[in-house]
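Novice: Here it is, the structure in full.
Numbering (my numbering), first residue to last: -14 to 536.
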């Protein structure tokens, strides 16, 4: 099933324009209904006093909703950065325990906080805000957190003999959104949650506290949100909130970033997904028409979403996350084979909304009885430096080009560049959702610089040839030139520029070098002779280009 990407922040039905989230209260549900809600006080005051928990990731304190003018979208509070030594020294307290007068008198004063000191400042961090930043990036995880056995019912984690590899089997009954399955940042967070014991215990503590501390009043169950945080040792956090400099007190409204997170999980994680389908390049239905909507989608609490419509990827303010040692995740079908094609010729890559009117979406769990599409927030800005994880895609190419040294070539520079995301095009990503990279290596041969350019097209039936480029001048900006070429590759569905264009950009000369037959991205024990033959062919082309005199 395809997904549709929205380009504007969604609005909420039933609330006034430019409403600000002032207070966040207890979770509550009717005993006759399994759906949980969160009590919210808005400014200006209005009839709507609770939101579905599936919207929890979208409503931190002081966030302005249904923005209609630029001034209303200004982020509230004072920005401050801090470094966490360890959460083991944090204490649980109520908002009422915060010495800041206007804070402790709020209507949500009985909600739980973490109190801790960082530097000279005493921080009061609402527990639900830390959980929002760590876990509640999708409505799916928010709902799953309240199910004591939720993770076991959705996933089967299998550890093999290799401690650096793990498999996460998405069970056939899992309701994990397609958007999350195909998003490498969302998969990385999910793998961290499932495989890091301390993080998993933290996530599961949410349901345990709900079971032990929830109270029943007037036919409803109420629960002030509470959980045990993971250690977060040496993690850096950027927050906004109310800062009283004279007494060095800080009440956090919103967490904007968590950086230097430690994974402590296997380096390579394979998601086995029974719903994964992969299209082959050139097959009918592979092209994608992307369209845009004139207005943002509207979140409608009064209707249930259907399983029969596309998922809408909601463009929402993101939490920046960064892992010091990010894991590499891949995705494949449960039978171990790539399956070609998707239903109705659609790709799982996001589609831009084609309607000209506002679209109602729901962030709740989709059902067969639903009436409107489901909206899935994409609330992660993954800033992890992970380009080194994708060098394995070029292992054979790097080994072959290293062999050029025996011919008198010397590698002087190299860089991997992710292909850019362009609206209306999908080739910047691989079928499993990971980014597609271009690798170039600059080498010197007989006082002249050349560049070898390779693109990861292992998913394609026709591999893209290697490009050999002669450097036009002694000082040359390869990064800028090949970054621009990346745009062209995406626009033309992974085709090199035409000869006419290459002649203009590289007047000193260029050559296209076809790939060695049957060579794989990763090397095997018997590939030495194949690599040598590949290098020999390329060197012959290089020698010819070097001696060619242009008219």
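Even glycine gets a Cβ: it sits at the ideal position worked out from N, Cα and C.
#1: Just curious, the alpha helix (DSSP H) that residue 470 is in, first and last residue?
#2: Does the beta-carbon distance from residue 308 to residue 372 come in below 7 Å?
#3: With distances taken between CB atoms, is the gap from residue 83 to residue 236 smaller than 7 Å?
#4: Using the DSSP secondary-structure output, state which residues sit across from residue 154 in a beta bridge.
#5: Given this structure, state the Cα-to-Cα distance separating residue 234 from residue 108, to the nearest angstrom.
#6: Can you tell me which of the three DSSP states residue 520 falls into?
#7: For residue 363, count neighbouring C-beta atoms within 10 Å of its own C-beta (all shown protein chains included) and say buried if the count is 16 or more, exposed if not.
#8: Nearest CA to the CA of residue 460: which residue from 144, 187 and 433?
#9: Would residue 12 be called buried (16 or more neighbouring beta carbons within 10 Å of its own) or exposed?
#10: For residue 421 and residue 500, which I take to be in contact (beta-carbon distance under 8 Å), what is that distance rounded to the nearest angstrom?
#11: Return the first residue and the last residue of the beta strand (DSSP E) that residue 306 is part of.
#12: Quick check on residue 460: does DSSP put it in helix, strand or coil?
#13: In the structure shown, what three-state DSSP assignment does residue 332 receive?
#14: Exposed or buried, what is residue 494 when buried is set at 16 or more other beta-carbons lying within 10 Å of its beta-carbon?
#15: DSSP has residue 434 in a bridge; who is on the other side?
#16: Ordered along the chain, which non-local residues of its own chain (more than five positions away) have a Cβ less than 8 Å from that of residue 285?
#17: Is the Cβ-Cβ distance between residue 242 and residue 223 less than 7 Å?
#18: Can you check the region 165 to 217 for any beta strand (DSSP E) of at least 3 residues that lies completely inside it and give the ranges in chain order?
#19: Please classify residue 230: is it buried, with 16 or more other beta-carbons within 10 angstroms of its beta-carbon, or exposed?
#20: Just verifying my parser: in three-state terms, what is the DSSP assignment at residue 40?
#21: Provide the residue span of the alpha helix (DSSP H) that contains residue 382, from first to last.
#22: Just the C-alpha distance for residue 3 and residue 51, rounded to the nearest angstrom, thanks.
#23: At what residue ranges does the region 41 to 123 contain a whole run of the alpha helix (DSSP H), taking only runs of 4 or more?
#24: Sorted by chain position, which residues of the same chain lie with C-beta nearer than 6 Å to residue 352's C-beta, five sequence neighbours on each side aside?
#25: What number of angstroms, rounded off, separates the C-alpha of residue 0 from the C-alpha of residue 46?
#26: Can you tell me the Cβ-Cβ gap for residue 33 and residue 27, rounded? I've got them flagged as a contact below 8 Å.
#27: Between which residues of its own chain and residue 76 is the CB-CB distance below 6 Å, once the five residues before and five after are set aside?
#28: Please report the distance separating the alpha-carbon of residue 55 from that of residue 49.
#29: When the Cα atoms are used, what is the spatial distance from residue 407 to residue 480?
#30: How would you write the range of the alpha helix (DSSP H) that residue 489 sits in, first residue to last?
#31: Which residue from 313, 41 and 412 puts its Cα closest to that of residue 254?
#32: When DSSP labels each residue in this structure, what does residue 289 get in the three-state scheme?
#33: Just to confirm my understanding: we take residue 470, look at its own chain, exclude 5 residues before and 5 after, and list those with CB closer than 6 Å. What are they?
#34: In angstroms, rounded to a whole number, what distance separates the CA positions of residue 245 and residue 392?
#35: Going along the chain, which residues of its own chain have a beta-carbon closer than 7 Å to the beta-carbon of residue 531, five neighbours each way excluded?
#36: Classify residue -14 as helix, strand or coil using the three-state DSSP reduction.
Specialist: Let's see:
#1: Per DSSP, residue 470 belongs to the alpha helix (DSSP H) from 463 to 476.
#2: It is not a contact, given that the beta carbons lie outside the stated cut-off.
#3: Cβ distance < 7 Å, so residue 83 and residue 236 count as in contact.
#4: Residue 154 is bridged to 141 and 257.
#5: When rounded, the distance between both Cα atoms is 6 Å.
#6: DSSP, reduced to helix, strand and coil, places residue 520 within a helical segment of the structure shown.
#7: By the neighbour-count rule (16 or more Cβ atoms within 10 Å), residue 363 is buried.
#8: Considering only alpha carbons, the answer is 433.
#9: Residue 12 should be labelled buried.
#10: The beta-carbon separation of residue 421 and residue 500, rounded to 16 Å, does not stay under the 8 Å limit for a contact.
#11: Counting along the chain, residue 306 sits inside the beta strand (DSSP E) bounded by residues 304 to 308.
#12: Three-state DSSP puts residue 460 in coil, outside helix and strand.
#13: Since pLDDT at residue 332 reaches only 44, below the 50 mark, its modelled position is unreliable, and no value is offered.
#14: So residue 494 counts as buried.
#15: According to DSSP, residue 434 bridges with 429.
#16: Leaving aside the five residues that flank residue 285 on each side, the residues in its chain whose CB is nearer than 8 Å to its CB run, in chain order, -2, 345, 346, 347 and 357.
#17: With respect to residue 223, residue 242 sits close: the two C-beta atoms are nearer than 7 Å.
#18: If one requires a minimum length of 3 residues, the beta strand (DSSP E) runs lying completely within the region 165 to 217 are 200 to 202 and 205 to 208, in chain order.
#19: Exposed is the call here.
#20: For residue 40, the three-state secondary structure derived from DSSP is helix.
#21: Counting along the chain, the unbroken alpha helix (DSSP H) around residue 382 starts and ends at 380 to 387.
#22: The alpha-carbon atoms of residue 3 and residue 51 are separated by roughly 5 Å.
#23: Taking only runs of at least 4 residues, the alpha helix (DSSP H) segments lying wholly in the region 41 to 123 are 86 to 89 and 112 to 119.
#24: For residue 352, where only same-chain residues beyond five positions count, the Cβ hits under 6 Å are 289.
#25: Straight-line Cα distance between these residues: approximately 16 Å.
#26: By a beta-carbon distance limit of 8 Å, residue 33 contacts residue 27. Their separation comes to about 7 Å.
#27: The beta carbon of residue 76 sits closer than 6 Å to the beta carbons of 100 from its chain, once the five residues preceding and following it are set aside; these are given in chain order.
#28: For residue 55 and residue 49, the distance between alpha carbons rounds to 11 Å.
#29: Going from the Cα of residue 407 to the Cα of residue 480 covers about 15 Å.
#30: In the DSSP assignment, residue 489 falls within the unbroken alpha helix (DSSP H) covering 484 to 490.
#31: Checked all of 313, 41 and 412; the closest Cα to residue 254 is 313.
#32: Taken through DSSP and simplified to helix, strand or coil, residue 289 comes out as coil.
#33: Residues of the same chain with a CB within less than 6 Å of the CB of residue 470, apart from the 5 flanking positions on each side, do not exist.
#34: Residue 245 and residue 392: Cα-Cα distance of roughly 43 Å.
#35: Here the set comprises 430, 431 and 433.
#36: At residue -14 the pLDDT is 48, less than 50, meaning the model places this residue with poor confidence; the figure from the coordinates comes in the next sentence. Residue state, collapsed to three classes: coil.
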